[in-house]
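**Q** A single structure is presented below for examination.
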Amino acid sequence: MIGYGLAAVGVGLLIGLVFWRVVRSRETLVGGQSPKADSDESGRLISIVALLKREQPLDLVLLAAAARRAWGADLGDGSSEGEDGFVAGTPLNALLRWSDRMILVHSIPKPYVNDPAEVARKLRDIRLRNVMIHHEAWLSCDAMLTNEVPSDTELQRWYRVLGRLLAQLIDEENCLGIFVLDENRLYAFNRETVKALQSDDPRRSLEQSAEVLVVAVRDDDPRMQAAVEEARRRWPEFERAFRSGAGELFGVKAPIRRNEETEFIWIEVTAIEGGIIYGKLANEPVNLTGLRLGSRVQVPVRRVNDWSYLCNDELVGAFTVKVLREASREENNFDSE
């Protein structure tokens, strides 16, 4: 183990080197290439980034406590070494040494990319555009790897280490999205994000927990019109299943209007009475002032434009979802055109 007595200048240089690599990767990203294409001789950079509303300076005591919760590791208290390693750094950059692993944590009080508006224009998902436009700071957990390409097993271990640490560090009220640098994938923060980061396979869990894309599709798009018509024609099928309990996770998609803004959003159904659907918002609204995930709403049955439920682990309905995914064939990553 490297002793805690490692000179401060040495820690600073080490942190500076990795931070320079992070900056280079961001520049490559904005330039339109995947980070994987970077042939930098310094090796592969594995990083999970939280895009934040406001800055979140690092505190070494809290960082050591987060490592203890995430990994069960004793890294000391920020001023002395623990049994399993140590923490050193500044409010902006910190180094964690845990057994044979070295992790960098960065907390930077400015946007992750040089031109958030330009990057946002390349994103098809409206929710992700908002993440990019409104974030003002970022927090990342980075793996310090050798020049050797890690095996798939080792790569998954690293993501597990980074994901569990980041889950302990982020403030859920402050986090807008999660970016996986090596995969070039951006995810809007939702109620499943922390659980996904804490899982054995964070990359897969983040993908599975990603919310349905929110993209702009013209009302007169024939594919969308056909999907909505099928959902309305088959509505009695949904209502019968809901009333008989023949399934679970019953949801409908309908327009909700607030302050001149209308958004088609998924609603978790709790009751259907007198032609009115009662439920709770199943997604975080994009532009509905005063509403948030879980807010109680009601809509007339006649305004439903899609529905879905699970029956024997099979998804039934979700007719418009396929259309939205076809409209977003280009992945929601930073190099989308």
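Numbering (numbering that gives the first Met the number 0), first residue to last: 0 to 336. Glycine included, each C-beta is placed from N, C-alpha and C at the ideal position.
Figure out for me which residue from 321, 319, 48 and 172 has the closest Cα to the Cα of residue 183.
**A** The candidate whose alpha carbon is nearest that of residue 183 is 48.
**Q** For residue 127 and residue 204, I'd like the C-alpha separation in whole angstroms.
**A** Each residue's Cα considered, the two are about 18 Å apart.
**Q** Report all residues from its chain with a CB closer than 7 Å to the CB of residue 85; omit the five preceding and five following residues, and keep chain order.
**A** Here the set comprises 3, 74, 75 and 96.
**Q** With 16 other CB atoms within 10 Å as the buried threshold, where does residue 20 fall?
**A** Residue placement at residue 20 cannot be trusted, given a pLDDT of 48 that sits under 50; what the coordinates show is reported in the next sentence. Residue 20 comes out buried.
**Q** By how many angstroms is the C-alpha of residue 269 removed from the C-alpha of residue 276?
**A** Near 8 Å, if we compare the C-alpha coordinates of residue 269 and residue 276.
**Q** Using the beta-carbon count (16 or more within 10 Å), is residue 55 buried or exposed?
**A** It counts as buried.
**Q** Taking the alpha-carbon positions, what's the residue 261 to residue 309 distance?
**A** Using only the alpha carbons, I get a separation of about 27 Å.
**Q** Would you mind stating whether residue 289 and residue 257 have Cβ atoms separated by less than 8 Å?
**A** Taking 8 Å as the Cβ cut-off, residue 289 and residue 257 qualify as a contacting pair.
**Q** Could you tell me which of 247, 201, 170 and 223 sits nearest to residue 323, measuring between CA atoms?
**A** Here the closest residue by C-alpha is 223.
**Q** Go ahead and pull the three-state DSSP assignment for residue 277.
**A** Correct three-state label for residue 277: strand.
**Q** Does residue 250 pass the burial test, meaning 16 or more other C-beta atoms within 10 Å, or should it be called exposed?
**A** Label assigned to residue 250: buried.
**Q** Taking only the alpha-carbon atoms, compute the straight-line gap between residue 115 and residue 132 and give it to the nearest angstrom.
**A** Those two C-alpha atoms are separated by around 6 Å.
**Q** Output needed for residue 335: all residues of its chain with C-beta closer than 8 Å, excluding positions within five of it in sequence on either side, in chain order.
**A** Reliability of the predicted coordinates at residue 335 is poor, the pLDDT of 43 falling under 50, and the value obtained from them is presented with this limitation in mind. For residue 335, where only same-chain residues beyond five positions count, the Cβ hits under 8 Å are 121, 122, 123 and 329.
**Q** Which class does residue 243 belong to by DSSP, given the choice of helix, strand or coil?
**A** Residue state, collapsed to three classes: helix.
**Q** Buried or exposed: which applies to residue 391, given that a residue is buried once 16 or more other Cβ atoms fall within 10 Å of its Cβ?
**A** The structure shown has nothing for residue 391, since the chain only spans 0 to 336.
**Q** If we ignore side chains and look at the alpha-carbon of each, how far apart do residue 149 and residue 69 end up?
**A** Computed Cα separation, rounded: 22 Å.
**Q** When the Cα atoms are used, what is the spatial distance from residue 108 to residue 129?
**A** For residue 108 and residue 129, the distance between alpha carbons rounds to 18 Å.
**Q** Can you tell which of 247, 105, 134 and 226 has the C-alpha that lies nearest to the C-alpha of residue 112?
**A** Taking only the C-alpha atoms, the option nearest residue 112 is 134.
**Q** Determine the contact status of residue 298 and residue 266, defining contact as a CB-CB distance below 8 Å.
**A** Closer than 8 Å, so yes.
**Q** Among 240, 284 and 264, which has the Cα closest to the Cα of residue 311?
**A** For residue 311, the nearest C-alpha among the options comes from 240.
**Q** Taking only three categories from DSSP, how would you classify residue 78?
**A** The answer is coil: DSSP assigns residue 78 none of H, G, I, E or B.
**Q** Does the distance from the CB of residue 227 to the CB of residue 282 come in under 8 Å?
**A** It is not a contact, given that the beta carbons lie outside the stated cut-off.
**Q** Considering Cα atoms alone, identify which of 230, 245, 198 and 321 is closest to residue 301.
**A** Looking at the Cα atoms, 230 is the closest of the given residues.
**Q** In chain order, what residues of the same chain have a beta carbon less than 6 Å from the beta carbon of residue 208, not counting five sequence neighbours either side?
**A** Contacts found: 191 and 195.
**Q** With a Cβ-Cβ cutoff of 8 Å, do residue 197 and residue 65 count as a contact?
**A** Cβ atoms of residue 197 and residue 65: not closer than 8 Å.
**Q** Drop a sphere of 10 angstroms on the beta-carbon of residue 321, count the other beta-carbons inside from all chains shown, and report buried for 16 or more, exposed for fewer.
**A** The residue in question, residue 321, is exposed, as its Cβ has fewer than 16 Cβ neighbours within 10 Å.
**Q** Report the residue from 272, 278, 259 and 246 whose alpha carbon sits nearest the alpha carbon of residue 252.
**A** Closest option to residue 252, Cα to Cα, is 278.
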